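In full-length UniProt numbering, the protein residues as written are 1 to 132. All C-beta atoms, glycine included, are put in the ideal place defined by N, C-alpha and C. Here the structure is a predicted model, which means the values were calculated and not measured.
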């Protein structure tokens, strides 16, 4: 069975991890309680291994070097898994092509250097742009 799943993901230029993220998004359609009007946008926090950006991708054997991304996807319970798959994959590919995880690491560094009120203003501005 796992061989079929691996072949299915490779045929679609995806990964097993990507399919797990997609399945998680799909599960949100059936497990979240929303007040009317129900919002179609869903957001999930995922961790990103930042070691990929280090020279030669090496660190000590025990290393906690993670970032975070929040893919935002529009979901509808009437659509097929394939439609959801394509939408989530586009969002994940976009994150991967734009230095995935680096933005959260940069925000953490900014937080250490910036006053909280100035940081809050910058984050709010960033989120408004993202939801447009």
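Whose C-beta lies closer than 6 Å to the C-beta of residue i among residues of the same chain, with five residues either side of it excluded?
i	result
residue 119	111
residue 88	22, 25, 73
residue 5	none
residue 54	none
According to DSSP, which residues form a beta bridge with residue i?
i	result
residue 41	74
residue 67	48
With a threshold of 16 other CB atoms inside 10 Å of the CB of residue i, please say whether the residue is buried or exposed.
i	result
residue 48	buried
residue 70	exposed
residue 123	exposed
residue 85	buried
residue 14	buried
Contact defined as beta carbons within less than 8 Å: I believe residue i pairs with residue j. What is the distance between those atoms, to the nearest angstrom?
i	j	result
residue 76	residue 40	6 Å
residue 68	residue 115	The Cβ separation is near 22 Å, so there is no contact.
What residues in its chain sit with their C-beta under 7 Å from that of residue i, if we drop five residues either side in the sequence?
i	result
residue 121	none
residue 95	69, 71
Nearest to residue i by alpha carbon, out of the options?
i	options	result
residue 18	125, 93, 128, 97	93
residue 81	29, 126, 54	29
residue 42	52, 91, 3	91
Between which residues of its own chain and residue i is the CB-CB distance below 8 Å, once the five residues before and five after are set aside?
i	result
residue 66	47, 48, 49, 50, 101
Does the CB of residue i have a neighbour CB from chain C at under 8 Å?
i	result
residue 29	The structure shown contains no chain C; it is built from a single protein chain.
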